[in-house]
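Shown next, in structure tokens, is the structure this report addresses.
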Amino acid sequence: MPQLCDPDFKETVVLLCEHDQQGSFGLVLNRQTKTPVSSVVRFTPPIESDCGLQLWVGGPVEPERGWILLGEKPPEVDSVEVAEGLYLSSSPELLRQLLENQQLGRVRLLTGYAGWGAGQLDAELSASAWLITGVELDLIFDTPAGEMWETAIRRLGADPSLLQMGKGIH
């Protein structure tokens, strides 16, 4: 929601990957950095070339942890389908392959994640702190980061300036 003032989540689009009684795990999708992934990843032996993929901030929790979000199932590496046609991996082999020659079209390399303890996200949802929409690959991979939040809200048929949160969240 527009009134959510937490600097880690203000105007973010979050892919909720897991939500159960123990808590929730998600990835912020619209926080692109200007940092090339190759400048923060160290392989032995070093990578031979750099395809220019940029690093995205997936959330404030464990910023040293990396995630590979893909718009198609990666061949020959472990991955989890988090939504229809959307896969998540942390495979070092896949990361090396992507950095040396990006063969897969829709890919995002993220650092950190968004996490909520048991019941925390449910309470935020009850207070109308978040809007919920379906997963759309074109929004994730084809919409510029600076336009993603407003585009997601407008696809719900709402004007961001007219939205208000329910009572209880300040």
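The opening residue of the sequence shown carries number 15 in our numbering; numbering runs sequentially from there.
Backbone N, C-alpha and C define an ideal beta-carbon position, used for all residues, glycine too.
- Per DSSP, the continuous beta strand (DSSP E) segment holding Thr-49 begins and ends at 46 to 50.
- In this structure, Gln-134 lies near Gly-37, with their beta-carbon atoms less than 9 Å apart.
- Around the C-beta of Glu-138, 16 or more other C-beta atoms lie within 10 Å, and the residue is accordingly described as buried.
- Using a 10 angstroms sphere on the CB of Thr-58, the tally of other CB atoms stays under 16, which defines it as exposed.
- Closest by C-alpha distance to Pro-74, out of Glu-86, Gly-126 and Gln-17, is Gly-126.
- In this structure, Leu-102 is the residue among Pro-77, Glu-76, Arg-79 and Leu-102 with its C-alpha nearest to the C-alpha of Lys-87.
- Between Leu-29 and Val-96, the C-beta spacing is below 9 Å.
- For Ser-103, the pairing in a beta bridge is given by DSSP as Ile-82.
- By the Cβ rule, the stretch 146 to 166 does not count as touching the stretch 103 to 114, because fewer than three pairs are nearer than 8 Å.
- Measuring C-alpha to C-alpha distances from Val-91 to each of Ile-82, Leu-41 and Glu-32 identifies Ile-82 as the nearest.
- Judged by DSSP in its simplified three-state form, Thr-165 adopts helix.
- In this structure, the beta-carbon distance from Ser-104 to Gly-80 falls below 9 Å.
- Distance check between Thr-26 and each of Leu-170, Gly-160 and Glu-107 places Gly-160 closest, using alpha-carbon atoms only.
- In this structure Val-55 is in contact with Leu-109, their Cβ atoms being roughly 7 Å apart against a cut-off of 8 Å.
- Where Glu-32 is concerned, the enclosing beta strand (DSSP E) starts and stops at 28 to 34.
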